[in-house]
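Trainee: These protein sequence lines are chains W and F, in that order.
For the first sequence, the tail end lands on 219 under my numbering, and the numbers increase by one without skipping.
For the second sequence, the tail end lands on 162 under my numbering, and the numbers increase by one without skipping.
We put the beta carbon where it would ideally sit given N, CA and C, even for glycine.
No experiment lies behind these values; they were computed from the predicted model shown.
Just passing along the structure, written as structure tokens.
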Amino acid sequence: MDSDHLDSSAAQPSWNPRVNNSKTAEASKTSERLLDRDAGLMLRVREGEEACFAVLVERHRNAVIHYLYRMVLNQAVAEELAQEVFLRVYRFRATYEATAKFTTWMFRIATHLALNWIRDGRHEKTQESLDRDGDGAVKQVRDRCRTVEQEMLYQAKLREVRQAIEQLPSKQRAAVMMHKYEELGYAEIANVLRCSESAVKSLLFRAYESLRIRLAHMA
Amino acid sequence: MGCSLTKSAAEELIVGYAAGTLDPAARAEFGQHVISCGSCRELLAQQSAVWSALDQWQPLPVSPDFDGKLADRIARSPRASGWNSIFVNWTWRPLIPLAAACAILVFALLLTNSTQLNNPPPGNRSTLRIEQQVERALDDMDLLKQVGADVSIVSPAQPQKI
């Protein structure tokens with residue numbers, strides 16, 4: 001089974017410093033071993049070992065749902081789309097080939113579904129997209145350690161962050177979510193989005209520039 | 001005094017520095033650069049603010065019945081084997097619109113033929129009416145002959161013989 005290199009082809013800046021967009025060397029070796037294990041599990045699912053599919057779901061369920069939640073800004077929709085992701089992984093198990101990392105394939109399906117949902121749901125966007133309750137309050141897990149004032153400030157900040165993310169074009173949003181929260185490198189994001197690394201950098205840097213304009217006052 | 005870095009190089013270093021993904025040597029070198037470069041220092045501060053703001057956005061907990069619902073959906077979905085595998089095979093997908101177009105064309109042709117049988121063209125309809133009228137007129141004349149009336153055709157200018 002193949003294992004892709006993490007960011008081995010990242011372009012070097014014109015200045016001297018080496019830019020390493022992956023984790024530290026030891027952590028990346030560990031993650032590569034785990035990711036190789038995912039491909040191995042998926043190959044066993046292909047051979048009919050359905051228990052391995054349950055292991056894959058257990059390992060990646062939260063990451064997929066959280067990624068989709070940050071893309072579509074709605075928990076119920078995110079879970080529905082995540083179900084569809086795993087259903088497709090299961091449905092196409094017979095044709096799975098370990099030519100790319102399992103997570104690349106999985107995030108590719110997730111991104112495709114999220115981008116389609118965003119495109120199709122754009123004209124129907126309502127306040128529900130911001131996960132509001134019936135009384136207009138933003139649904140969020142309350143931290144019992146915060147005072148009421150701190151909680152209100154936190155909710156206000158959160159609203160700003162979500163609005164800034166929502167205003168990003170969908171592909172820029174996907175690139176930021178994968179880079180920031182899934183800690184994927186430029187090469188892997190490029191594989192997911194089926195574009196070049198330089199295109200990914202362009203997407204990311206434009207997205208961060210927009211976010212700096214909108215969120216820099218939070219410093 | 002301008003920055004010695006290109007815009008793209010500076011962006012990459014700033015994003016990497018704020019994300020903590022630069023290797024130690026690169027981090028130290030860029031840290032030195034930032035001390036003397038005001039624009040990079042400002043951008044780094046903004047990027048760090050963005051990074052920590054994004055850190056605050058925690059996801060919601062996953063529904064406890066997610067796995068159960070997924071298992072139900074998988075159990076209900078048709079297994080891709082035999083005939084089903086043909087339909088889920090990606091090579092068949094491009095033929096579906098073509099097949100749909102052919103079906104619509106055939107249906108339209110059938111509908112057109114059926115319409116022509118039930119509704120003959122207007123020209124045929126008026127011919128039929130004239131023939132019927134002539135037959136009726138001849139029948140009337142026969143009837144009148146039988147009762148002794150003079151059924152010779154008289155033009156309006158000639159007086160009728162009694």
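Within a Cβ cutoff of 6 angstroms, which residues of the same chain sit near A164 (chain W), ignoring the five residues on either side of it in sequence?
Mentor: For A164 (chain W), where only same-chain residues beyond five positions count, the Cβ hits under 6 angstroms are L211, R214 and L215.
Trainee: Name the two residues that bound the continuous alpha helix (DSSP H) containing H66 (chain W).
Mentor: Run containing H66 (chain W): E50 to V72, per the alpha helix (DSSP H) assignment.
Trainee: Is the CB-CB distance between R93 (chain W) and V45 (chain W) below 9 angstroms?
Mentor: Closer than 9 angstroms, so yes.
Trainee: Pairs of beta-carbons, one from the region 54–61 of chain F and one from the region 160–177 of chain W, closer than 8 angstroms: are there three or more?
Mentor: Flag = yes, the region 54–61 of chain F and the region 160–177 of chain W touch.
Trainee: Closer than 7 angstroms by beta-carbon distance: list the chain F residues that pair up with R119 (chain W), in chain order.
Mentor: Those within 7 angstroms of R119 (chain W) in chain F number zero; the least Cβ separation is about 20 angstroms.
Trainee: Please state whether DSSP places C102 (chain F) in a helix, a strand or coil.
Mentor: Here C102 (chain F) sits in helix by DSSP.
Trainee: Excluding the 5 residues preceding and the 5 following C37 (chain F) in the sequence, name in chain order all residues of the same chain whose CB lies nearer than 7 angstroms to its CB.
Mentor: Here the set comprises C3.
Trainee: Can you give me the start and stop residues for the alpha helix (DSSP H) that P24 (chain F) sits inside?
Mentor: P24 (chain F) -> alpha helix (DSSP H) spans P24 to S36.
Trainee: With distances taken between CB atoms, is the gap from A100 (chain W) to L43 (chain W) smaller than 9 angstroms?
Mentor: No, Cβ-Cβ distance for A100 (chain W) and L43 (chain W) is not below 9 angstroms.
Trainee: Thinking V15 (chain F) and Q46 (chain F) are a contact (beta carbons under 8 angstroms), I'd like their distance in whole angstroms, please.
Mentor: V15 (chain F) to Q46 (chain F), Cβ: 11 angstroms. No contact.
Trainee: In this structure, does DSSP put V77 (chain W) in helix, strand or coil?
Mentor: Residue state, collapsed to three classes: helix.
Trainee: For Q58 (chain F), name the three-state secondary structure that DSSP assigns.
Mentor: Three-state DSSP puts Q58 (chain F) in coil, outside helix and strand.
Trainee: Assign Q167 (chain W) to one of three DSSP states: helix, strand, or coil.
Mentor: Coil at Q167 (chain W), not helix or strand.
Trainee: R76 (chain F) lies in the alpha helix (DSSP H); which residues open and close that run?
Mentor: Start and end: F66 to R76.
Trainee: For H112 (chain W), which residues in chain F fall below 9 angstroms Cβ to Cβ?
Mentor: Residues of chain F passing the Cβ test: none, with the nearest at roughly 14 angstroms.
Trainee: So with Cβ pairs under 9 angstroms, would you call A156 (chain W) a contact of chain F?
Mentor: So no, A156 (chain W) is outside the interface.
Trainee: Check for me: the alpha helix (DSSP H) holding R108 (chain W) runs from which residue to which?
Mentor: Where R108 (chain W) is concerned, the enclosing alpha helix (DSSP H) stretches over F102 to G121.
Trainee: Can you find a CB in chain A that lies within less than 9 angstroms of the CB of I189 (chain W)?
Mentor: Among the chains of the structure shown, chain A does not appear; the protein chains present are W and F.
Trainee: Among the candidates W:R88, W:F107, W:L56 and W:E50, whose CA atom is the shortest distance from the CA of Y181 (chain W)?
Mentor: Minimum Cα distance to Y181 (chain W) is reached at W:F107.
Trainee: For the alpha helix (DSSP H) that G16 (chain F) lies in, which residues bound it at each end?
Mentor: K7 to A19 is the extent of the alpha helix (DSSP H) around G16 (chain F).
Trainee: Determine, using beta carbons only, whether A103 (chain F) comes closer than 9 angstroms to chain W.
Mentor: No, because no Cβ of chain W sits closer than 9 angstroms to the Cβ of A103 (chain F).
Trainee: Consult DSSP for C40 (chain F) and reduce its assignment to one of helix, strand or coil.
Mentor: Helix, per DSSP.
Trainee: Below 8 angstroms on the Cβ atoms is my guess for V50 (chain F) versus Y208 (chain W); work out the distance and round it to an integer in Å.
Mentor: Contact flag correct, Cβ pair sits at about 6 angstroms.
Trainee: State yes or no: is the beta carbon of L97 (chain F) nearer than 9 angstroms to at least one beta carbon in chain W?
Mentor: In the sequence on display, residue 97 (chain F) carries Pro and not Leu. No, P97 (chain F) does not count as interfacial toward chain W.
Trainee: Taking Cβ-Cβ distances below 9 angstroms as the criterion, which residues of the region 43–56 of chain F are in contact with chain W?
Mentor: Here the close residues are L43, A45, Q46, Q47, S48, A49, V50, W51, S52, A53, L54, D55 and Q56.
Trainee: Could you tell me how far apart the beta carbons of I109 (chain W) and V85 (chain W) are, in whole angstroms, since I believe they sit closer than 8 angstroms?
Mentor: The Cβ separation is near 5 angstroms, so the contact holds.
Trainee: Grab the span of the alpha helix (DSSP H) containing F205 (chain W) for me, first residue to last.
Mentor: F205 (chain W) -> alpha helix (DSSP H) spans E197 to L215.
Trainee: Give a yes or no on whether the minimum CB-CB distance between R91 (chain W) and chain F is below 9 angstroms.
Mentor: True, the Cβ-Cβ gap to chain F drops below 9 angstroms.
Trainee: List the residues of chain F that N62 (chain W) touches, going by C-beta distances under 7 angstroms, in chain order.
Mentor: Those within 7 angstroms of N62 (chain W) in chain F are V62.
Trainee: Check whether the Cβ of M232 (chain W) lies closer than 9 angstroms to any Cβ atom in chain F.
Mentor: No answer is possible for residue 232 (chain W): it lies beyond the span of chain W, which begins at 1 and ends at 219.
Trainee: Alpha carbon to alpha carbon, how far is E197 (chain W) from Y186 (chain W)?
Mentor: Between E197 (chain W) and Y186 (chain W), the C-alpha separation is close to 6 angstroms.
Trainee: Given a cut-off of 9 angstroms on the beta-carbon distance, is the pair E79 (chain W) and S63 (chain F) in contact?
Mentor: Their beta carbons are under 9 angstroms apart, which means E79 (chain W) touches S63 (chain F) by this criterion.
Trainee: With 16 other CB atoms within 10 Å as the buried threshold, where does T103 (chain W) fall?
Mentor: Buried, because 16 or more other Cβ atoms sit within 10 Å of the Cβ of T103 (chain W).
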